[in-house]
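Those protein sequence lines, which keep their order, are chains H and D. If you want the numbering used here, it's the position in the first sequence, counting the first as 1, plus 110. If you want the numbering used here, it's the position in the second sequence, counting the first as 1, plus 110. Just so it is clear, CB atoms sit at the ideal spot from N, CA and C, and this is done for glycine as well. Given the structure is predicted, the values throughout are model-derived calculations rather than measurements.
Number of protein chains: 2
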Amino acid sequence: MSLVAATPTSVRPNTQPFRPAGNPSEMFAGCPELVGTPFNYARETEIYGEGETAEFVYRIVSGAVRTCKILADGRRQINAFHLAGDLFGFEPGEAHRLTAEAIADTKVLLFSRRSVQDLANRNVEAARRLWNSTLQNLEDAEDHMLLLGRRTALERVAAFLLTIEKRLGGNRCVELPMSRRDMADYLGLTIETVSRSMTQLQSKRAIALSGARHLVLDARLINKCLDD
Amino acid sequence: MSLVAATPTSVRPNTQPFRPAGNPSEMFAGCPELVGTPFNYARETEIYGEGETAEFVYRIVSGAVRTCKILADGRRQINAFHLAGDLFGFEPGEAHRLTAEAIADTKVLLFSRRSVQDLANRNVEAARRLWNSTLQNLEDAEDHMLLLGRRTALERVAAFLLTIEKRLGGNRCVELPMSRRDMADYLGLTIETVSRSMTQLQSKRAIALSGARHLVLDARLINKCLDD
DNA sequence: CGGGTGATTGAGCCCGCTCAACTCTCGTGG
DNA sequence: CCACGAGAGTTGAGCGGGCTCAATCACCCG
Chain H
111 MSLVAATPTS VRPNTQPFRP AGNPSEMFAG CPELVGTPFN YARETEIYGE GETAEFVYRI
171 VSGAVRTCKI LADGRRQINA FHLAGDLFGF EPGEAHRLTA EAIADTKVLL FSRRSVQDLA
231 NRNVEAARRL WNSTLQNLED AEDHMLLLGR RTALERVAAF LLTIEKRLGG NRCVELPMSR
291 RDMADYLGLT IETVSRSMTQ LQSKRAIALS GARHLVLDAR LINKCLDD
Chain D
111 MSLVAATPTS VRPNTQPFRP AGNPSEMFAG CPELVGTPFN YARETEIYGE GETAEFVYRI
171 VSGAVRTCKI LADGRRQINA FHLAGDLFGF EPGEAHRLTA EAIADTKVLL FSRRSVQDLA
231 NRNVEAARRL WNSTLQNLED AEDHMLLLGR RTALERVAAF LLTIEKRLGG NRCVELPMSR
291 RDMADYLGLT IETVSRSMTQ LQSKRAIALS GARHLVLDAR LINKCLDD
């Protein structure tokens, strides 16, 4: 679910280690009856809201999605970003526990929750893949709890950049799909602190920014920045 | 996995809402071949370490367990507390991603990871229960990320006390199984801040402490404390 | 060229951390 | 019975990292 997840797409070489049975792009392989309905969401529109009945499971074809929780006073915590190839929208109960919104214009494939459940009940292999996918999400959540509970602002931003670079192909070049506000709400910081941390990394030559969204990073120098 | 999970035991009435198929105490019902081997862990001993090969899945009979991650410099984040009835030790890969330690003297039932996997491959119903159990853990992790990323110290301690009271039977009376250090490392705070928050709640009559581990709480007054 | 949005930078403050002293409890032994 | 020590918890004083509030800058689109 979150940044650590493998996100192979058809247009990008998969530089991730092989994930047995947890690979979203193979999730419904050999299940021709589960083809998925294409659908589009515009930038900054809600896909589903917290508390709504969970009707669909989603697989991203292109674009990016955030899932988050929002407190009554407006404080927001983004739990995960989902990129092309990722699956999201599973729920243990009938209702969605998170809100999902498109960060950019996003194409998805819809699968009815019921049909996915039915498939899992019939097909042991599919059930195992769904389970492993959920376990992968849990693992990512565990890493994120460590980040939110015990890491400094600079460590959070550095870890975020390293992880998303890996997800986007690992060629040191990153086109951030999300705003500073989204990064801040994912990392448990304010936009100002995110910005200052980025500036700090840039002044140490660990990253090079060209525009707010495009950057080139040096993993070795980023890690060196954390040692002082 | 964490504090929101239902934890019915045979000696305590279940005051939780019914959780279809996710109930740990029924997890292996109807599977007499999966009986589990009793085992004991003394207080403050390691059950398994991060990175070790995952051989077993554990179900707690009595006692309490924490699972955590530790950084090289000693910073620790506890992901979850497990009480009687809880299942823990699932892993998506071959290796444990967390360290598990007994908080108190703890009796568990061991199930070999392989036999659990085999059961899930044969028995669709068991697979569904395991999947739902993992989804429940993920849901708890999502709640905890909001707490760690966006809540104040007082809110964290208040939420923790309310949740653990519910898990321990919901009769307003709590015998904390863990130390202040464990609470702090779960809530992303220091022991001093946890202590000060408890004192603050006590001065508002929202909780009554008798000894560090025993307390009676008033849910309404706790929520009122958060409004100023 | 403006207007609008998002990002950066600056100044000052505050919540939670650090460091340290003190208290409480409990177990052990004279 | 008290003395003592060890470990856990509480309290206090002061600091500092990240937040708040505000101004400025950069980049789009018209």
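query, result
"Where in the region 244 to 300 of chain D do unbroken runs of the beta strand (DSSP E), each at least 3 residues long, occur, reported from the N-terminal end onward?", "283 to 285"
"Taking only beta carbons into account, state which residues of the region 245 to 257 of chain D come closer than 7 angstroms to chain H, listed in chain order.", "L245, Q246, N247, L248, E249, A251, E252, H254, M255, L256"
"Can the beta-carbon of A194/H be found less than 8 angstroms from the beta-carbon of V171/H?", "yes"
"Using the beta-carbon of each residue, which ones in chain D are nearer than 8 angstroms to L311/H?", "Within 8 angstroms Cβ-Cβ: nothing; L311/H doesn't reach chain D, min ~20 angstroms."
"Going by DSSP, what residue range makes up the alpha helix (DSSP H) through L229/D?", "223 to 232"
"Going straight from the alpha carbon of R290/D to that of V304/D, what length do you get?", "7 angstroms"
"Is there a C-beta anywhere in chain D that falls below 8 angstroms from the one on V171/H?", "no"
"Nearest chain H C-beta to L272/D closer than 8 angstroms, yes or no?", "no"
"What residues from the region 287 to 320 of chain H come within 7 angstroms of chain D, judged by C-beta to C-beta, listed N to C?", "G298"
"Using the DSSP secondary-structure output, state which residues sit across from V175/D in a beta bridge.", "H192/D, A212/D"
"According to DSSP, E156/H sits in a beta bridge with which residue or residues?", "E211/H"
"Mind pulling the chain D residues with CB within less than 9 angstroms of N150/H?", "Result: empty, since nearest Cβ-Cβ is about 26 angstroms, beyond 9 angstroms."
"Taking Cβ-Cβ distances shorter than 7 angstroms, what residues in chain H pair up with L208/D?", "E252"
"Within the chosen definition, does the region 206 to 215 of chain D reach the region 152 to 159 of chain D through at least 3 CB pairs nearer than 8 angstroms?", "yes"
"Does the beta-carbon of T147/H have 16 or more other beta-carbons within 10 angstroms, so that it is buried, or is it exposed?", "exposed"
"On the criterion of 16 or more Cβ atoms from any shown chain inside 10 Å, does C283/H qualify as buried, or is it exposed?", "exposed"
"Starting from the C-beta of A237/H, find all residues in its chain whose C-beta is less than 6 angstroms away, skip the five residues before and the five after it, and write them out in chain order.", "A230"
"Give the interface partners of V167/H over in chain D, defined as CB-CB distance under 8 angstroms, in chain order.", "Ordered by position in chain D, no residue passes the 8 angstroms Cβ test against V167/H, which lies about 12 angstroms from the chain."
"Of all Cβ atoms in chain D, is any one closer than 8 angstroms to the Cβ of F200/H?", "yes"
"So that I know if they touch, is there some Cβ in chain H lying closer than 8 angstroms to that of R176/D?", "no"
"By DSSP, does R169/D sit in helix, in strand, or in coil?", "strand"
"Assign L327/D to one of three DSSP states: helix, strand, or coil.", "strand"
"Using only the alpha-carbon positions, how far apart do I157/D and G321/D sit?", "29 angstroms"
"Could you spell out where the beta strand (DSSP E) holding T147/H opens and where it closes?", "147 to 151"
"Just to check my reading of the structure: I332/H and L299/H have Cβ atoms closer than 8 angstroms, yes? What is that Cβ distance to the nearest angstrom?", "About 17 angstroms; that fails the 8 angstroms criterion."
"Hey, how far is the Cα of E285/D from the Cα of D250/D?", "22 angstroms"
"Enumerate in chain order the residues of its own chain whose CB-to-CB distance from A294/D is below 6 angstroms, with the five nearest sequence positions on each side excluded.", "T300, I301, V304"
"Could you please give me the residues that DSSP links to I180/H through a beta bridge?", "R186/H"
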